[in-house]
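Per the numbering used here, the sequence shown starts with residue 12, numbered consecutively.
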Amino acid sequence: LRKRIIRAEKMEAVSHLAASISHEIRNPLTAARGFMQLLEQHHLSPEKRKQYVRIAIEELDRAEAIITDYLTFAKPAPESVEKLNVKTEIERVIDLLRPLANMNSVEVKTTLAPFTITGEREKFRQCLLNIMKNAIEAMPNGGVLQIYVSIEKQHVLIRISDTGIGMTKEQIERLGEPYFTTKGIKGTGLGMMVVYRIIESMNGTIHIESEIHKGTEVSIYLPLSSNFHNLTNEEKKLFMAL
Ligand code: ADP
Ligand code: MG
Numbered sequence: 012l013r014k015r016i017i018r019a020e021k022m023e024a025v026s027h028l029a030a031s032i033s034h035e036i037r038n039p040l041t042a043a044r045g046f047m048q049l050l051e052q053h054h055l056s057p058e059k060r061k062q063y064v065r066i067a068i069e070e071l072d073r074a075e076a077i078i079t080d081y082l083t084f085a086k087p088a089p090e091s092v093e094k095l096n097v098k099t100e101i102e103r104v105i106d107l108l109r110p111l112a113n114m115n116s117v118e119v120k121t122t123l124a125p126f127t128i129t130g131e132r133e134k135f136r137q138c139l140l141n142i143m144k145n146a147i148e149a150m151p152n153g154g155v156l157q158i159y160v161s162i163e164k165q166h167v168l169i170r171i172s173d174t175g176i177g178m179t180k181e182q183i184e185r186l187g188e189p190y191f192t193t194k195g196i197k198g199t200g201l202g203m204m205v206v207y208r209i210i211e212s213m214n215g216t217i218h219i220e221s222e223i224h225k226g227t228e229v230s231i232y233l234p235l236s237s238n239f240h241n242l243t244n245e246e247k248k249l250f251m252a253l
C-alpha cells in the first residue's frame with residue numbers, strides 16, 4: 012500500500028509540468044550543497060572526502076540532466092502556437108545532438124520533407140531532442156540514427172529509429188512513467204514523460220516498436236497544418252518531393 016501511495020504522489024507532482032521543474036532541480040541542488048557542507052569538516056579521511064565530492068558532482072549532473080530534459084529550448088518569454096516547418100525543426104535538433112552522436116560513433120541519416128504543423132516551437136524541439144537523445148544513448152558502441160518524414164492519413168509522420176539496445180515489452184509499457192529509467196544515476200526517467208505530454212498537447216499520437224539488440228522505432232503522428240489541404244494534388248506532389 013505504501014508503495015502505491017508514493018507512486019500516486021509522484022504522478023500528482025508531475026501533473027503540472029512547469030510547476031514541477033523547480034522542485035525537480037532543487038532536490039539534487041540541496042543534496043549537492045549538503046555534501047559540500049560535509050566537506051568542511053576537518054577530520055575527514057581522504058576516502059570520505061573523495062566520496063563526498065563524487066556524490067556532490069553526481070547530484071549536480073542530475074540537476075543538469077533534468078534541465079536538459081525539460082528546458083533545453085526554454086526562453087524567458089511565454090510561448091505561442093505557430094506554424095512550424097518539420098524539416099527545419101528536425102535539422103535544428105540534429106545540429107544540437109551532433110557532438111553526442113559523434114562521441115557515440117552514431118551516423119545520422121535523414122529523409123526529410125518541409126511539412127507544416129502547428130505548435131509551440133520550444134516544446135516541439137524538446138520532444139524531438141528527448142527522443143533522439145534516447146536513440147543515441149541506446150547506441151553506445153555506434154549505430155545509425157534515422158529520421159524519416161512522410162504523410163500518412165492527413166498526419167505528418169516523423170519516424171525516429173535507432174539500431175541500439177532495444178527494449179523489452181515491459182520496458183515499452185513503462186515508457187513515459189515518471190522516474191522510470193534503466194540508466195542508473197545517468198538517467199532522469201523524465202524525458203519520455205515530457206515527450207508524451209508534448210505530443211498529447213499537440214493532438215498527436217506516438218507509437219513505439221522495439222526489439223532487444225535490434226533497435227527501436229518511435230513514430231510520431233501530428234495533425235498536418237491546414238494550409239497543406241488547400242494545395243492542389245499537383246502542388247502536394249511537388250511539396251512532397253522537396
Ligand atoms: P532517461 O533517458 O533519463 O532514462 P527517458 O524517459 O528518456 O529517461 O527514457 C526512459 C527509459 O526508456 C530509458 O531509461 C530506456 O530504458 C528506455 N528507452 C527510451 N528510449 C529508448 C531507445 N531508443 N532505445 C532503448 N531504450 C530506450
Ligand atoms: Mg532520456
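Cβ coordinates follow ideal geometry from the N, Cα and C atoms, glycine included.
These numbers were taken from a predicted model, which means no experiment stands behind them.
- Message: With a threshold of 7 Å on Cβ separation, who are the neighbours of Ile183 within its own chain once the five nearest residues in sequence on each side are excluded?
- Response: As a first step, residue 183 must be located in the sequence shown, where it is residue number 172. Ile219, Ser221.
- Rounded straight-line distance, which links the Cα of Met203 to that of Arg136: For the purposes of this step, residue 136 is identified with residue 125 of the sequence shown, where counting begins at 1. For the purposes of this step, residue 203 is identified with residue 192 of the sequence shown, where counting begins at 1. The alpha-carbon atoms of Arg136 and Met203 are separated by roughly 13 Å.
- Task: Could you name the residues of the same chain whose beta carbon sits closer than 8 Å to that of Glu90, not counting the 5 residues immediately before and after it, in chain order?
- Result: Position 79 of the sequence shown holds residue 90. The answer, listed in chain order, is Glu131, Arg132, Glu133, Lys134.
- Starting from Gln157, follow its DSSP beta bridges and name the residues at the other end. Along the sequence shown, read from residue 1 onward, the residue named residue 157 stands at position 146. DSSP output for Gln157 lists Lys120, Ser172 as bridge partner(s).
- Item | Leu139 versus Glu51: straight-line alpha-carbon distance, rounded | Here residue 139 corresponds to residue number 128 of the sequence shown, with the count starting at 1. Here residue 51 corresponds to residue number 40 of the sequence shown, with the count starting at 1. So the two alpha carbons sit approximately 43 Å from each other.
- Heavy atom of the ligand ADP within 7 Å of Thr129 beta-carbon: Taking the first residue of the sequence shown as position 1, residue 129 is located at position 118. Outside the cutoff, so no.
- Message: Output needed for Ala67: all residues of its chain with C-beta closer than 7 Å, excluding positions within five of it in sequence on either side, in chain order.
- Response: In the sequence shown, counting from the first residue as 1, residue 67 sits at position 56. Correct list, in chain order: Ala43, Phe46, Met47.
- Using the rule of at least 16 other Cβ atoms within 10 Å of the residue's Cβ for burial, across every protein chain shown, is Ala256 buried or exposed? Residue coverage of the chain in this structure runs from 12 to 253, which leaves residue 256 outside it and unanswerable.
- Is the beta carbon of Lys144 within less than 7 Å of some heavy atom of the ligand MG? As a working mapping, residue 144 is identified with position 133 in the sequence shown. Within the cutoff, so yes.
- Message: Quick check: Asn141 and Val205, are their CB atoms within less than 8 Å of each other?
- Response: Locating residue 141 in the sequence shown gives position 130, counting from the first residue. Locating residue 205 in the sequence shown gives position 194, counting from the first residue. Result yes, Cβ atoms of Asn141 and Val205 sit closer than 8 Å.
- Message: Three Cβ pairs or more, each shorter than 8 Å: is that satisfied between the region 153-164 and the region 117-127?
- Response: yes
- Quick check: the region 164-179 against the region 225-237, are there 3 or more CB pairs under 8 Å? yes
- Message: So Leu111 and Lys144 are supposed to be a Cβ contact under 8 Å. How far apart are they, rounded?
- Response: Taking the sequence shown and counting its residues from 1, one reaches residue 111 at position 100. Taking the sequence shown and counting its residues from 1, one reaches residue 144 at position 133. Their Cβ separation, rounded to whole angstroms, is 7 Å, which keeps Leu111 and Lys144 in contact under 8 Å.
- Message: Give me the residue from Arg185, Ser236, Leu242, Leu49 with the minimum Cα distance to Glu7.
- Response: Outside the displayed range of the chain (12 to 253) lies residue 7, so it cannot be described from this structure.
- Query: If you measure from the CB of Asn141, is any heavy atom of the ligand MG nearer than 7 Å?
  - Reply: Your numbering for residue 141 matches position 130 in the sequence shown. Yes, Cβ of Asn141 sits closer than 7 Å to a heavy atom of the ligand MG.
- Counting only the same chain and skipping the five closest in sequence on each side, list residues whose C-beta sits under 6 Å from that of Glu69. In the sequence shown, counting from the first residue as 1, residue 69 sits at position 58. Hits under 6 Å: Ile196.
- Query: Can Leu201 and Gly215 be called in contact, C-beta distance under 8 Å?
  - Reply: Residue numbering aside, residue 201 sits at position 190 when the sequence shown is read from its first letter. Residue numbering aside, residue 215 sits at position 204 when the sequence shown is read from its first letter. Cβ distance not < 8 Å, so Leu201 and Gly215 don't count as in contact.
- When the Cα of Gly154 is compared with those of Leu107, Arg208, His224, which residue comes out closest? As a working mapping, residue 154 is identified with position 143 in the sequence shown. Nearest of Leu107, Arg208, His224 to Gly154, Cα basis: His224.
- Message: So for Gly4, helix, strand or coil by DSSP?
- Response: Beyond the ends of the chain as shown, which are 12 and 253, falls residue 4; an answer cannot be given.
- Item | Beta-carbon proximity of Ile128 to Val97, cut-off 8 Å | Position 117 of the sequence shown, counting from 1, holds the residue named residue 128. Position 86 of the sequence shown, counting from 1, holds the residue named residue 97. For Ile128 and Val97, yes; Cβs fall inside 8 Å.
- Count the other C-beta atoms from every protein chain shown that fall within 10 angstroms of the C-beta of Glu35, then say buried if there are 16 or more, exposed otherwise. As a first step, residue 35 must be located in the sequence shown, where it is residue number 24. Buried is the call here.
- Message: Please return the same chain residues whose Cβ sits closer than 8 Å to the Cβ of Asn113, not counting the five positions on each side in sequence.
- Response: To locate residue 113, count along the sequence shown from 1; it is residue 102. Nothing meets the Cβ criterion.
- Message: In the DSSP output, what is Ser221 paired with across the bridge?
- Response: The count along the sequence shown starts at 1 and reaches residue 221 at position 210. Per DSSP, Thr227.
- Among residues of its own chain, excluding the 5 on either side of Val119, which ones have a beta-carbon nearer than 7 Å to its beta-carbon? Counting from 1 along the sequence shown, the entry for residue 119 is found at position 108. If we look at Val119 and ignore the five residues flanking it on each side, its Cβ neighbours are Ile105, Ala112, Leu156.
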